[in-house]
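In what follows, a structure is listed as structure tokens, so that the remarks can point back to it.
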Amino acid sequence: MIAFIEGKVAEKNHGELVINAGGVGFSLLCSNATIAAAPEKDKTFRCYTVMNVREDAMELFGFASKLEREMFKKLCTVTGVGAKTALGILSALPLRDLSIAIVTGDVTALSRAPGIGKKTAQRIVLELRDKVEQAEVSSSAPGVSAPVSAPAGGMEREAQAALQALGYTSAEAARAVNQVRDQANTVDQMVLLALRQMSTL
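For the sequence shown, the numbering used here gives the first residue as 6, with consecutive numbering after it.
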């Protein structure tokens with residue numbers, strides 16, 4: 006398996022990066038986020054990869070981060086979601102927004118991705134809700150990452166701060182954390198439980 010390819014950017018096209026690594030041009034299918042993250046031509050860039058081998062084709066998918074690659078792999082495990090569809094979902098929604106949509110069961114947000122109807126969006130939520138990690142939820146949100154554990158009072162404050170960084174009001178965050186504080190042992194668990202609690206309101 007090719008874990009990553011590091012080389013100079015040769016081309017940046019819609020949905021594709023060509024990386025020159027050791028004199029070989031690797032064509033990588035990428036999300037809009039990865040294309041945007043790639044530097045200008047002739048600058049060095051590392052792309053984490055997933056190879057998809059089919060009967061009629063061999064495709065190499067590239068990702069700017071390991072988190073995006075892991076989300077791609079998770080999406081591909083969902084019934085009815087292929088590699089191209091998974092990449093389309095990652096292009097339609099930033100990784101953090103996608104993670105929050107899955108955790109909170111926001112079928113409407115997921116349905117905005119090309120080729121994703123309501124039923125497929127519901128399957129994504131059903132099959133991935135318990136697999137999405139705090140690191141994915143808090144990615145791209147400065148200050149959201151929290152220690153693995155903290156004293157009870159401090160843990161609640163950090164969970165509330167994380168929720169506010171994700172766009173919730175202080176009142177919403179406090180109410181949600183208060184409802185789940187006895188169910189969590191870490192800040193990460195508390196944030197995820199609070200997000201799920203708010204999705205049911």
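For glycine and all other residues, C-beta sits at the position ideal for the given N, C-alpha and C.
How many Å lie between residue i and residue j at the Cα?
i, j, result
"L33", "I129", "25 Å"
"L92", "V196", "27 Å"
"K136", "T82", "11 Å"
"T109", "T174", "16 Å"
"E132", "K89", "19 Å"
"V23", "P119", "24 Å"
"A155", "V58", "Summary for A155: the model assigns pLDDT 41, below 50, so the residue's position carries little reliability; its value from the coordinates is reported in the next sentence. C-alpha separation (whole angstroms): 45 Å."
"K79", "N25", "28 Å"
"S96", "G20", "9 Å"
"G85", "S116", "14 Å"
"K209", "Y53", "The structure shown does not extend to residue 209, since the chain spans only 6 to 206, so no value can be given for it."
"R74", "G30", "21 Å"
"D102", "A62", "31 Å"
"I121", "V112", "10 Å"
"K123", "G27", "45 Å"
"G67", "K48", "16 Å"
"D187", "A181", "12 Å"
"N190", "G12", "43 Å"
"A17", "L168", "First, the residue type needs correcting, since residue 17 is Lys and not Ala in the sequence shown. Taking the straight line from one Cα to the other gives about 35 Å."
"T39", "L65", "14 Å"
"R162", "A179", "8 Å"
What span of residues does the alpha helix (DSSP H) with residue i cover, start to end?
i, result
"M76", "71-81"
"M203", "192-204"
"K13", "Careful: K13 lies outside any alpha helix (DSSP H), inside the beta strand (DSSP E) at 9-18."
"L92", "88-97"
"E64", "Not the alpha helix (DSSP H): E64 falls in the beta strand (DSSP E), residues 63-68."
"Q127", "123-133"
"R101", "100-109"
Does DSSP put residue i in a helix, a strand or coil?
i, result
"V55", "strand"
"T174", "coil"
"T84", "coil"
"V137", "coil"
"A118", "coil"
"M6", "coil"
"A41", "helix"
"E163", "helix"
From the DSSP output, which residues share a beta bridge with residue i?
i, result
"E21", "N18, L34"
"A181", "Looking at the DSSP assignment, A181 forms no beta bridge with any residue, so it has no partner."
"A26", "V29"
"T49", "K13"
Measure how close the beta-carbons of residue i and residue j come, nearest whole angstrom, since I'm counting them as under 8 Å.
i, j, result
"V14", "E60", "That belief does not hold up - the Cβ atoms of V14 and E60 are roughly 31 Å apart, past 8 Å."
"M203", "E177", "7 Å"
"A199", "A164", "6 Å"
"F50", "A43", "5 Å"
Does the beta carbon of residue i sit closer than 8 Å to a beta carbon anywhere in chain C?
i, result
"L200", "As a matter of chain content, chain C is missing from the structure shown, which is built from one protein chain."
Would you check whether the ligand ADP has a heavy atom nearer than 7 Å to the C-beta of residue i?
i, result
"F66", "This structure lacks the ligand ADP; in fact it carries no ligand of any kind."
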